[in-house]
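What follows is one structure encoded as structure tokens, with my remarks underneath.
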Amino acid sequence: MYAVIKTGGKQYRVQPGDVIVVEKLDGEAGSNVSFGDVLMLGGEKGVTLGAPLIAGAAVAATLVETRKGEKIKIFKKTRRQGYRRTNGHRQMESVLRITGIDGAGEKAKWDGETSLMTKAEMNLRARGLAPRVETTEAKPAKAAKAAAAPKAEAAAKKAPAKKAAPKAKPASTDEA
């Protein structure tokens, strides 16, 4: 099932489980948001169009984060006058996870878990720069490493390190 909703002066086609980026909405991360401006619903019973809205239809979402969007550069110039101005702007935006659609006698829910991990944190983790939180399970793992250490030492004693073969000198071309 899908729906077309209107928010922030734009229209979005959404399904349960989708992540969308919209104009800034009020609320904290993890709060629930509901959209009543549903323009169209599509599902197993067919397509339902609103005139302009569908009465009683709603789309539920969870606010994942509010962040700044991509930077937009503004450059102004007047020819042959030495006038140049550069400016920039970053619009605030909200990231939403669609959790359910209800209307026209049908309901659709998303069964997954909404993660509140921000895009910046995902990028840091992908590059291995985010701090990892140690869990209580780390202590038994250290004991397992201590038990494996004698095995590693025994393997190192059995196989001595190999030495690199000496390089052969190239033949000289001056010999005549």
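Just so it is clear: in the sequence shown, position 39 is 21 by this note's numbering, and no numbers are missing. We put the CB at the ideal spot given by N, CA and C, even for glycine.
Using a C-beta cut-off of 8 Å, the stretch -13 to 6 makes contact with the stretch 37 to 53, since at least three inter-stretch Cβ pairs fall below that distance.
Sequence-distant Cβ neighbours of D19 in its own chain, meaning closer than 8 Å and more than five residues away, are I(-13), K(-12), T(-11), L35. When DSSP states are grouped into helix, strand and coil, L21 belongs to the strand group. Here L7 is near V15, since their CB atoms are less than 9 Å apart. Following the DSSP letters along the chain, one finds E103 inside the alpha helix (DSSP H) bounded by residues 101 to 108. Cα atoms of E75 and L98: separation of roughly 15 Å, rounded to the nearest angstrom. For D84 and T30, the gap between their C-alpha atoms comes out near 12 Å.
A check of alpha carbon separations from K91 across K55, I80, R66 identifies I80 as the nearest. G85 carries a strand assignment under DSSP once its states are collapsed to helix, strand and coil.
Minimum Cα-Cα distance from M(-17) among the listed residues K(-8), A86, R72 corresponds to A86.
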